[in-house]
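Numbering-wise, the sequence shown is residues 37 to 794 according to our numbering. Below is one structure, written out as structure tokens; the observations come after it.
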Amino acid sequence: MVTIHNLGFPRIGKHRELKFALEKYWSNATSQDALLQTADTLRKQHWQHQNKLDWVPVGDFSFYDQVLDMSFLLGNVPKRAKNLSDNELDNYFRVARGRASVNESDCTCIQAGEMTKWFDTNYHYIVPEFSQETNFALQAQNLIVQIRQAQEQGIKVKPVIIGPVTYLWLGKSKDNTNKLDLLDSLVKVYVQLFDELAKLEIEWIQLDEPVLVTELEPDWQTAFKKAYDTLANSPIKLLLASYFGSLQDNLNLACDLPIDGLHIDAVNAKDEVQLVINSLPDNKVLSLGVVNGRNIWKTDLSATLLWLEPIHQQLQDRLWLAPSCSLLHVPVDLDSEQELDSDIKSWLSFAVQKLQELKLLAQALNQGQASVIKEIASNVNAINSRKHSSLVHNSAVKERTAKVNDKLGNRQSNYKSREKVQSEQLNLPLYPTTTIGSFPQTLEIRQVRRDYKLGQLSAEKYTQAMQAEIRHCVQVQEDLGLDVLVHGEPERNDMVEYFGQQLSGYVFSQFGWVQSYGSRCVKPPIIFGDISRPKPMTLDWITYAQSLTNKPMKGMLTGPVTMLNWSFVRDDQPRATTCLQLSLAIRDEVLDLEKSNINVIQIDEAALREGLPLRKSQWQTYLDWAIKAYRISANGVSDETQIHTHMCYSEFNDIIEAIAQMDADVITIETSRSDMELLDVFDQFDYPNEIGPGVYDIHSPNIPSVDSMVELMEKAAQRIPAKRLWVNPDCGLKTRHWDEVISALTNMILASKQLRKN
Numbered sequence: 037m038v039t040i041h042n043l044g045f046p047r048i049g050k051h052r053e054l055k056f057a058l059e060k061y062w063s064n065a066t067s068q069d070a071l072l073q074t075a076d077t078l079r080k081q082h083w084q085h086q087n088k089l090d091w092v093p094v095g096d097f098s099f100y101d102q103v104l105d106m107s108f109l110l111g112n113v114p115k116r117a118k119n120l121s122d123n124e125l126d127n128y129f130r131v132a133r134g135r136a137s138v139n140e141s142d143c144t145c146i147q148a149g150e151m152t153k154w155f156d157t158n159y160h161y162i163v164p165e166f167s168q169e170t171n172f173a174l175q176a177q178n179l180i181v182q183i184r185q186a187q188e189q190g191i192k193v194k195p196v197i198i199g200p201v202t203y204l205w206l207g208k209s210k211d212n213t214n215k216l217d218l219l220d221s222l223v224k225v226y227v228q229l230f231d232e233l234a235k236l237e238i239e240w241i242q243l244d245e246p247v248l249v250t251e252l253e254p255d256w257q258t259a260f261k262k263a264y265d266t267l268a269n270s271p272i273k274l275l276l277a278s279y280f281g282s283l284q285d286n287l288n289l290a291c292d293l294p295i296d297g298l299h300i301d302a303v304n305a306k307d308e309v310q311l312v313i314n315s316l317p318d319n320k321v322l323s324l325g326v327v328n329g330r331n332i333w334k335t336d337l338s339a340t341l342l343w344l345e346p347i348h349q350q351l352q353d354r355l356w357l358a359p360s361c362s363l364l365h366v367p368v369d370l371d372s373e374q375e376l377d378s379d380i381k382s383w384l385s386f387a388v389q390k391l392q393e394l395k396l397l398a399q400a401l402n403q404g405q406a407s408v409i410k411e412i413a414s415n416v417n418a419i420n421s422r423k424h425s426s427l428v429h430n431s432a433v434k435e436r437t438a439k440v441n442d443k444l445g446n447r448q449s450n451y452k453s454r455e456k457v458q459s460e461q462l463n464l465p466l467y468p469t470t471t472i473g474s475f476p477q478t479l480e481i482r483q484v485r486r487d488y489k490l491g492q493l494s495a496e497k498y499t500q501a502m503q504a505e506i507r508h509c510v511q512v513q514e515d516l517g518l519d520v521l522v523h524g525e526p527e528r529n530d531m532v533e534y535f536g537q538q539l540s541g542y543v544f545s546q547f548g549w550v551q552s553y554g555s556r557c558v559k560p561p562i563i564f565g566d567i568s569r570p571k572p573m574t575l576d577w578i579t580y581a582q583s584l585t586n587k588p589m590k591g592m593l594t595g596p597v598t599m600l601n602w603s604f605v606r607d608d609q610p611r612a613t614t615c616l617q618l619s620l621a622i623r624d625e626v627l628d629l630e631k632s633n634i635n636v637i638q639i640d641e642a643a644l645r646e647g648l649p650l651r652k653s654q655w656q657t658y659l660d661w662a663i664k665a666y667r668i669s670a671n672g673v674s675d676e677t678q679i680h681t682h683m684c685y686s687e688f689n690d691i692i693e694a695i696a697q698m699d700a701d702v703i704t705i706e707t708s709r710s711d712m713e714l715l716d717v718f719d720q721f722d723y724p725n726e727i728g729p730g731v732y733d734i735h736s737p738n739i740p741s742v743d744s745m746v747e748l749m750e751k752a753a754q755r756i757p758a759k760r761l762w763v764n765p766d767c768g769l770k771t772r773h774w775d776e777v778i779s780a781l782t783n784m785i786l787a788s789k790q791l792r793k794n
């Protein structure tokens, strides 16, 4: 019999219940008991959705981030957060976001933990911190409570935790301590945990070790052997889960570890499955991730069964089936969607539906395909409908894409020549100030957008409301004394969705939310077909904003690579082809802005790094087509037009040459949380263009001091000539409140003035 299980379920709730409960708690609008009750309710709902599985994950729920949960479970809490209060949940939120609630006194506010991308996804985790003083100590109460709750509900529990090697690999040493020196003491805590879980009659535990799909150095491979040799005596069976790619040079290592089962990503590494079968000892379970846990397209059940049947015959009871990775990365339930085109909806599968697909696959293998003949026929119809749909294929787009050549990506002159012309045109001071694009979105602004979308507000009234907010944003910036202004983006609910709604080839869900970090959720657009731009997307708003000021107004666009990486992307053609289609659509918008006398245009590539393959040997192929797409979108303009780009969380030391090849006149980056560490690369690499290292962390409500920002910029000026430096926040200000923004920007302007005096 085939066993089915899940690696993790979305935690936010079908209608983002967790998000709203968290934000109420942080704003002191509800009690901690109410927040805990919401969490209990959600967990019970999620377990109910999974009750047809043979094993259900427990420990995948989190109030903010599963890596931060692991840090607290291991007693690895940053020193600055210890002993602030007896309330563990509030301390947890302080590590995540700097403070536990909006009214918290300064004495209990701390620097938030560094946040970065979870492998190559759009999920973010709080980076574990290590030092010589790191002392692990088991704090498993929260996990144990959740296990007992699930057991009381009749759930067959499989606890899920991050494995010891991946946990160390994800973290950062604060004092040059070798992280692997902490392995022995860390593994001891895992041994203690397994002993505690055995008392709860736990049979299997899932240890997530996605680092196995990366290019591990020999000492990290040795760490796996060392750690799992110690864990081999566990009273609980160990299922080691790898995902997000292929094992490659770690395949034999993974198969030889003293574990009881191995999960591999059979969506992204299908060609490795037989190799693993041949290498895995006969006494070990093999879990195949056959349903895509990161995309929203239906699984081709017929093709999957054709491939699985001989494997099932070979492995028999040793075969487990699961999604490729945690379903954290897909929306909760397609049944919530009432407005999607019926054809397109028939091609999709969200978390609940993916579990149904698993159940059908297992039933077909265990009882024969005749037992699910209707369901398979329906699936075949949907797969064929998508393959041949005129909604998907546009011959004009395909022809234009085929004619693209490298000349389209070249500026008229080199940066030195452009800088001279732009300097005369813009006449900016030393250390010019700007923001990244968005300003706070009040409840009133969101309500206007909502009413307009529902048809409860006329186009005229909507335009008036948006223009009023643009006037307000421009006036605030004028009063503050910023040098290059933005219109504030009140019309945009999301930097990708806004553009996708105006491009052919995109479709949007109502409830397709996924977690980005903490309470921050995004609703990725769905690229289902060939992409084109029917008409200008931003022109009216930007030109209106420019009419209100004599200062430069930035046109604000999202770049093709970010549009791609932050969408659910069609899987029936190469991603590079889809990205090229996007770049041509954005190029048309850039040229329209330039024709309308917008002299500064920002094309955000917040997610450029996110698309990097996890193995460096595959990076260049990705960077070649990604940078080409960006250049095509940006570089059709004249020398007088200044092109900016922005990148989030971009540890780009290792791709700095590719970033330089983008040839943006100005790049703004997130550096504040890492204390300008990102700029270390400029000690070795002479970046030729201008750069704005973010001087304060917009993800924290804490107000940065003038001195702290001056200090950060002075660090930057040690590596980059002052004449090429900009002063800006490290990201957009959409999620902050106006009082926070004005206080922070006031200090930022004062910092820039002090820098000019220095």
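We put the beta carbon where it would ideally sit given N, CA and C, even for glycine. Note that the coordinates shown come from a computational prediction; the quantities given were computed from them, not determined experimentally.
I need the DSSP call for residue i, collapsed to helix, strand or coil.
i	result
Pro254	helix
Gln638	strand
Tyr100	coil
His735	coil
Leu243	strand
Trp91	strand
Phe45	coil
Glu232	helix
Leu283	coil
Leu218	helix
Ile272	coil
Gln81	helix
Ser323	strand
Val38	coil
Thr213	coil
Ala277	strand
Leu316	coil
Pro649	coil
Phe688	coil
Lys208	strand
Below 8 Å on the Cβ atoms is my guess for residue i versus residue j; work out the distance and round it to an integer in Å.
i	j	result
Ser545	Glu373	6 Å
Arg135	Asn738	7 Å
Gly798	Tyr542	Lying before the first or after the last residue shown, residue 798 is absent from the chain, which here runs from 37 to 794.
Ala700	Ile668	With 8 Å as the limit, Ala700 and Ile668 do not qualify as a contact, their Cβ atoms being about 13 Å apart.
Gln175	Gly111	5 Å
Please name the residue, chosen from the options, that lies closest to residue i on a Cα-to-Cα basis.
i	options	result
Lys50	Ala387, Lys208, Ala339 and Leu110	Ala387
Gln617	Ala694, His429 and Leu218	His429
Pro468	Met749, Arg611 and Asp122	Met749
Ile40	Ala173, Gly325, Val196 and Asn119	Gly325
Leu397	Trp356, Asp369, Ala432 and Lys434	Trp356
Asn420	His85, Ser744 and Ser338	Ser338
Leu462	Asp369, Ile578, Ile634 and Leu370	Ile634
Is residue i close to chain C? Criterion is C-beta to C-beta, closer than 8 Å.
i	result
Ala57	Among the chains of the structure shown, chain C does not appear; only one protein chain is present.
- Message: Just to confirm the assignment: which complete alpha helix (DSSP H) runs, minimum length 4, are found wholly within the stretch 416 to 482?
- Response: DSSP runs (the alpha helix (DSSP H)) wholly in the stretch 416 to 482: 431 to 438 and 451 to 462.
- Item | Length at least 3, wholly inside the stretch 123 to 205: the beta strand (DSSP E) runs in chain order | Every beta strand (DSSP E) stretch that sits fully inside the stretch 123 to 205 and reaches 3 residues is listed by chain position as 151 to 153, 160 to 162 and 193 to 198.
- Complete runs of the beta strand (DSSP E) confined to the stretch 545 to 593 [at least 3 residues]: As far as the stretch 545 to 593 is concerned, its whole beta strand (DSSP E) runs of at least 3 residues are 550 to 553, 556 to 558 and 562 to 568.
- Query: Can at least three beta-carbon pairs, one atom from the stretch 356 to 366 and one from the stretch 403 to 415, be found at a separation below 8 Å?
  - Reply: No: the two stretches stay apart, fewer than three of their Cβ pairs being nearer than 8 Å.
- State whether the stretch 637 to 650 contacts the stretch 595 to 609, with contact taken as three or more CB pairs (one from each stretch) at a distance under 8 Å. With contact defined as three or more Cβ pairs closer than 8 Å, the stretch 637 to 650 and the stretch 595 to 609 are in contact.
- At a cut of 8 Å, does the stretch 720 to 727 reach the stretch 748 to 764 through at least three beta carbon pairs? Touching, yes, given that three or more Cβ pairs across the two stretches are closer than 8 Å.
- Message: With three or more beta-carbon pairs closer than 8 Å as the criterion, would you say the stretch 44 to 53 touches the stretch 91 to 99?
- Response: With a cut-off of 8 Å, the stretch 91 to 99 and the stretch 44 to 53 count as touching, because enough Cβ pairs lie within range.
- the stretch 516 to 535 / the stretch 583 to 599 touching (three or more Cβ pairs under 8 Å): Touching, per the Cβ criterion.
- Message: Ignoring anything shorter than 3 residues, give me the beta strand (DSSP E) runs that lie fully in the stretch 345 to 369, in order along the chain.
- Response: Secondary structure within the stretch 345 to 369: the beta strand (DSSP E) runs of 3 or more consecutive residues, fully enclosed, are 355 to 359 (chain order).
- Message: For the structure I just gave you, are there three or more beta carbon pairs, one from the stretch 221 to 230 and one from the stretch 181 to 188, closer than 8 Å?
- Response: Counting Cβ pairs under 8 Å, fewer than three are found: no touch.
- Query: Taking one C-beta from the stretch 340 to 351 and one from the stretch 376 to 390 each time, how about it: are there three or more such pairs within less than 8 Å?
  - Reply: Judged by Cβ distances under 8 Å, the stretch 340 to 351 makes no contact with the stretch 376 to 390, as fewer than three pairs qualify.
- Task: Decide if the stretch 547 to 566 is in contact with the stretch 156 to 163; the criterion is three or more beta carbon pairs, one per stretch, under 8 Å apart.
- Result: These segments touch.
- Between the stretch 767 to 775 and the stretch 466 to 480, are three or more C-beta pairs nearer than 8 Å? Yes, the stretch 767 to 775 is in contact with the stretch 466 to 480.
- At a cut of 8 Å, does the stretch 508 to 516 reach the stretch 560 to 569 through at least three beta carbon pairs? Too few Cβ pairs lie closer than 8 Å, so no.
- Query: Can you find at least 3 beta carbon pairs, one from the stretch 290 to 301 and one from the stretch 252 to 267, that sit closer than 8 Å?
  - Reply: Because the criterion of three Cβ pairs below 8 Å is met, the stretch 290 to 301 and the stretch 252 to 267 touch.
- Task: Could you tell me whether the stretch 320 to 336 touches the stretch 401 to 410, where touching means 3 or more Cβ pairs closer than 8 Å?
- Result: With the cut-off at 8 Å, the stretch 320 to 336 and the stretch 401 to 410 do not touch.
- With a cut-off of 8 Å, do at least 3 Cβ pairs link the stretch 231 to 247 to the stretch 78 to 86? With the cut-off at 8 Å, the stretch 231 to 247 and the stretch 78 to 86 do not touch.
- Message: When you compare the stretch 649 to 659 with the stretch 613 to 631, are there three or more beta-carbon pairs, one atom per stretch, that lie closer than 8 Å?
- Response: The stretch 649 to 659 vs the stretch 613 to 631: no contact.
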